[in-house]
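Protein chains: 4
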Amino acid sequence: MGRKSIADIRRTELAQAAFEVLAEHGLQGTTLQRVAAHTGASKASVLHYYATKQALIEAALRKGNSTLREEAVLYMRLAQTPWERFYAIIEANFSPTTYLPRMAHGWVAMCAEVPHNPQFARLQRVIYRRLNGNLRSALIAVEPDADAAERGANMVSLLIDGIWLRLGMQVGGLSREEALDHLESHLAQRYGTTPERLAARARMAEVAATLAAKTV
Amino acid sequence: MGRKSIADIRRTELAQAAFEVLAEHGLQGTTLQRVAAHTGASKASVLHYYATKQALIEAALRKGNSTLREEAVLYMRLAQTPWERFYAIIEANFSPTTYLPRMAHGWVAMCAEVPHNPQFARLQRVIYRRLNGNLRSALIAVEPDADAAERGANMVSLLIDGIWLRLGMQVGGLSREEALDHLESHLAQRYGTTPERLAARARMAEVAATLAAKTV
Amino acid sequence: MGRKSIADIRRTELAQAAFEVLAEHGLQGTTLQRVAAHTGASKASVLHYYATKQALIEAALRKGNSTLREEAVLYMRLAQTPWERFYAIIEANFSPTTYLPRMAHGWVAMCAEVPHNPQFARLQRVIYRRLNGNLRSALIAVEPDADAAERGANMVSLLIDGIWLRLGMQVGGLSREEALDHLESHLAQRYGTTPERLAARARMAEVAATLAAKTV
Amino acid sequence: MGRKSIADIRRTELAQAAFEVLAEHGLQGTTLQRVAAHTGASKASVLHYYATKQALIEAALRKGNSTLREEAVLYMRLAQTPWERFYAIIEANFSPTTYLPRMAHGWVAMCAEVPHNPQFARLQRVIYRRLNGNLRSALIAVEPDADAAERGANMVSLLIDGIWLRLGMQVGGLSREEALDHLESHLAQRYGTTPERLAARARMAEVAATLAAKTV
DNA sequence: GATGAATGAGGGTTCATTCAT
DNA sequence: TATGAATGAACCCTCATTCAT
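Chains as they are written, first to last, in my numbering: chain A, 600 to 815; chain B, 600 to 815; chain C, 600 to 815; chain D, 600 to 815.
Written as structure tokens, this is what we have:
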């Protein structure tokens, strides 16, 4: 367990660095040179671990994605009711450690490249399906009509995408709180203001606060 | 009227070509070479009209944007009630001539570059403000609370952004009809199903159909 | 007399402009574009009068040179004794209208190109011979030994070159007065302080002052 | 001692090559392509060692300059009296290994660019100050009036500049011996023909001959 | 395992020049 | 006469990648 060869450590380190460079400089500005400099290594050294720039960037994006996923899993474990599972997803998508301009910008950069890069397209599809799937399976419990649940999930994920896009552009960007408020406003209209939902929301917000405090 | 110098014609032609290349190959892949080839001209010739690649791409984006805006103006002129004005905006954003993967992809490519390009940021800000402003000023008539109207407008524009983003990525992309349905679903919950709204919607859909037929 | 076709006028105008651009921007910076802009004409128009950039620049240099020569001729006409002829040359080379950083810089730019441009070499040779010849033929009257006169002339022309070079570089540049003082210091040591020389010097300085006043 | 990394060797090699190309083709003609070809390397390889053409050319000029300076230092070490120090400078400026058309032409090319290139201006200023300073500090011993020494130094440096300029242009160029004769003629008139000076001159000429023989 | 050396491919840009009007 | 249009050639520079150590 936890045994990682030095090579593996180095690889994750590089992927991490690549993601940070990507988030700061965009895809165009992500050169091997810069990634290398960011880890204090040489350009050739980077290519020693990732045969190709392409491979490195994919790893970087996978890493960025897995960060988000791990967070989501963390929240999910503590959720017990459908609405709690639902809010777990929401909180994960707007947690203080991931809902960051840098993250968002990295994500938007990837989105822009999706149509030209099958690898990216695949990854994006995975992300999309996971998000939509999770939302749907949470909603189906409170909204038994499969179509309605599907549509409800889609609506939420569209809002999340829109909000992240703006965060990535820093144009019309919303703070974490504003973002959550917007979503809440939508949910209130769609699902009414039931005590269950409100309780679930409060509970997961608390969980989020606890986890955030621990992370810091 | 309609008098345009040959130079102006050539310039729009090039901007158009640039937008098409941008839509097809992304920003990275939009080289002067390619744009030139796309119009059967030489690389130097392109620079004869646009001193700089940057200038060319900005022109391309402005052109793309103005297409959308002109469409919106067209719809707006025929709108008479607040709800009609509202739906004019919606229809313009999902008209068959603009709600196209190519368009969307070009837009996403620009979004990704916004944080690194002040010019793009400015353009994006203009677009954002226009859309939000138009929506808000339409909604304020039906939702007199300024804050509520603001929020309502924002919600709709977020949905539009999310939908366009997906169209641009071709992942989870919605057809024009699905997109309009989603929006309608949101509006129904938020504003109720009033005859005025439904009438306005029907009226503008008809207008859209007429205009689309004429364009084709 | 004085009849010049419009074309000829335009040609001199362009040559003049080219010289000014050359003086300001150096040879590298002297593009057809800039010369054209400097006269408010189009690039193609310039090439209409000078088939080639090369030809234009040669004309410019010839023009610059002829300015200097005309000045020299002016002074020469008023010189009556050998020493006066000698000082006429000196004053011409340091007249307020020609001993200017811009002029000097243009000249240095030409010098640098001499080894790569036979035309320039020819022109430079002409200039060199004229200056040395004039000095020698003036000095031979006061220094009958031909070899000594040759050497004396050469020494003076070397000093002039050195002084102009510095003016052109704006490094260790001498003012007109300092330049003349330096030369005088050299002459005093070489030819002694004879009344004839001093008188001639005073006379030509006066002539220079008169002419300068008239020019202004 | 003498330990230089391969990179350093390559760098000096390239600077050397650049200087040779500069001397042969002028500044305009000094392209990375040509410098690369001159060393049998690729264009990109040159930029591997000098990030910029500008940097390369500066290195080339510094190298050319340092060659001259090192020679001067060599001579200076063997000088013991003020006049010997003076002649050390003279001999260094006209030594057979540096007083060469190529060298001179490279220098003139730099001079022409001085007004447009702060870096070059700085270098030129350094050269100018060193030469003038050395001459002055040697002369002050034989010509105690500081102003007179300053002027004497300036006169000599002007002559040197003039002579080098002509060598660089190959127009009116003087051989090493002629150049030294000219200077001697000037010095004889300015400082008289004292045994000390003659002895110093003879001594440094001998030193020069010895060093030249050794170099060859 | 790590890295400097070297390079090919390609990108944006400048510029003199040709051509047609 | 005058000029816009168009272009080829060349330049500097960037970058991912290969190779040898």
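For glycine and all other residues, C-beta sits at the position ideal for the given N, C-alpha and C. Note that the coordinates shown come from a computational prediction; the quantities given were computed from them, not determined experimentally.
Checking contacts by CB at 8 Å: is residue i closer than that to chain B?
{"i": "methionine 600 of chain A", "result": "Any answer about methionine 600 of chain A is weak, because its pLDDT of 46 lies below 50 and its placement is not dependable; what the coordinates show is given next. Not one chain B Cβ lies under 8 Å of methionine 600 of chain A."}
{"i": "tyrosine 727 of chain A", "result": "yes"}
{"i": "alanine 811 of chain A", "result": "no"}
{"i": "alanine 745 of chain A", "result": "no"}
{"i": "alanine 654 of chain A", "result": "no"}
Does residue i have its Cβ less than 8 Å from a Cβ in chain C?
{"i": "proline 714 of chain D", "result": "yes"}
{"i": "glutamine 788 of chain D", "result": "yes"}
{"i": "arginine 775 of chain D", "result": "no"}
{"i": "arginine 724 of chain D", "result": "yes"}
Contact criterion: CB-CB distance below 8 Å. Does residue i meet it with respect to chain A?
{"i": "serine 736 of chain B", "result": "no"}
{"i": "alanine 711 of chain B", "result": "yes"}
Do residue j and residue i count as a contact pair if the criterion is CB distance below 8 Å?
{"i": "cysteine 710 of chain C", "j": "glutamine 723 of chain C", "result": "yes"}
{"i": "tryptophan 706 of chain D", "j": "glutamate 795 of chain D", "result": "no"}
{"i": "arginine 765 of chain A", "j": "leucine 757 of chain A", "result": "no"}
{"i": "arginine 800 of chain C", "j": "alanine 737 of chain C", "result": "no"}
{"i": "histidine 624 of chain C", "j": "arginine 633 of chain C", "result": "yes"}
{"i": "leucine 621 of chain A", "j": "alanine 650 of chain A", "result": "no"}
{"i": "glutamate 742 of chain A", "j": "glycine 732 of chain A", "result": "no"}
{"i": "glutamate 670 of chain C", "j": "alanine 703 of chain C", "result": "no"}
{"i": "aspartate 760 of chain A", "j": "glycine 761 of chain B", "result": "yes"}
{"i": "tyrosine 727 of chain D", "j": "valine 770 of chain C", "result": "yes"}
{"i": "alanine 778 of chain D", "j": "phenylalanine 693 of chain D", "result": "yes"}
Would residue i count as contacting chain D if we go by Cβ distances under 8 Å?
{"i": "leucine 758 of chain C", "result": "yes"}
{"i": "alanine 708 of chain C", "result": "yes"}
{"i": "serine 784 of chain C", "result": "yes"}
{"i": "alanine 720 of chain C", "result": "yes"}
{"i": "alanine 659 of chain C", "result": "no"}
Measure from the alpha carbon of residue i to the alpha carbon of each residue in the options, then state which is nearest.
{"i": "arginine 661 of chain D", "options": "D:Arg701, D:Val725 and D:Ile739", "result": "D:Val725"}
{"i": "serine 641 of chain B", "options": "B:Ala650, B:Leu631 and B:Tyr649", "result": "B:Leu631"}
{"i": "methionine 803 of chain A", "options": "A:Tyr649, A:Ile688, A:Ala659 and A:Ile759", "result": "A:Ile688"}
{"i": "leucine 734 of chain C", "options": "C:Ala807, C:Gln769, C:Glu749 and C:Val770", "result": "C:Glu749"}
{"i": "glutamine 627 of chain D", "options": "C:Asp780, C:Pro714 and C:Asn753", "result": "C:Pro714"}
{"i": "leucine 730 of chain C", "options": "C:Val645, C:Tyr686, C:Thr809 and C:Thr792", "result": "C:Tyr686"}
{"i": "asparagine 716 of chain C", "options": "D:Lys813, D:Met768, D:Ala740 and D:Lys603", "result": "D:Met768"}
{"i": "glutamate 712 of chain A", "options": "B:Glu776, B:Asn753, B:His781 and B:Thr629", "result": "B:Thr629"}
{"i": "leucine 797 of chain B", "options": "B:Ala606, B:Thr680 and B:Val645", "result": "B:Thr680"}
{"i": "asparagine 753 of chain D", "options": "D:Ser644, D:Leu782 and D:Arg775", "result": "D:Leu782"}
{"i": "arginine 775 of chain A", "options": "A:Ala643, A:Ala808, A:Ile605 and A:Ala708", "result": "A:Ala808"}
{"i": "aspartate 746 of chain A", "options": "B:Ala747, B:Arg701, B:Asp780 and B:Ser604", "result": "B:Asp780"}
Taking contact to mean at least 3 C-beta pairs separated by less than 8 Å, is the stretch 609-627 of chain C in contact with the stretch 785-792 of chain B?
In short, these stretches do not touch, since the Cβ pair count stays below three.
Would you be able to state if there are at least three C-beta pairs under 8 Å between the stretch 635-653 of chain B and the stretch 670-687 of chain B?
Taking 8 Å as the limit for Cβ pairs, the verdict is that the stretch 635-653 of chain B does not touch the stretch 670-687 of chain B.
Which residues, taken in chain order from the stretch 617-651 of chain B, show a beta carbon closer than 8 Å to some beta carbon of chain A?
His624, Gly625, Leu626, Gln627 and Gly628
If the cut-off is 7 Å on Cβ atoms, which residues from the stretch 665-693 of chain D count as contacting chain C, listed in chain order?
Residues passing the 7 Å Cβ filter: none.
Three or more C-beta pairs closer than 8 Å, one from the stretch 658-671 of chain A and one from the stretch 693-701 of chain A: is that the case here?
yes
Check whether the stretch 647-666 of chain C touches the stretch 616-624 of chain C, taking contact to mean three or more Cβ pairs, one atom from each stretch, closer than 8 Å.
yes
Which residues, in order along the stretch 747-772 of chain D, keep a beta-carbon less than 8 Å from a beta-carbon of chain C?
Arg750, Asn753, Met754, Ser756, Leu757, Leu758, Ile759, Asp760, Gly761, Ile762, Leu764, Arg765, Gly767, Met768, Gln769, Val770 and Gly771
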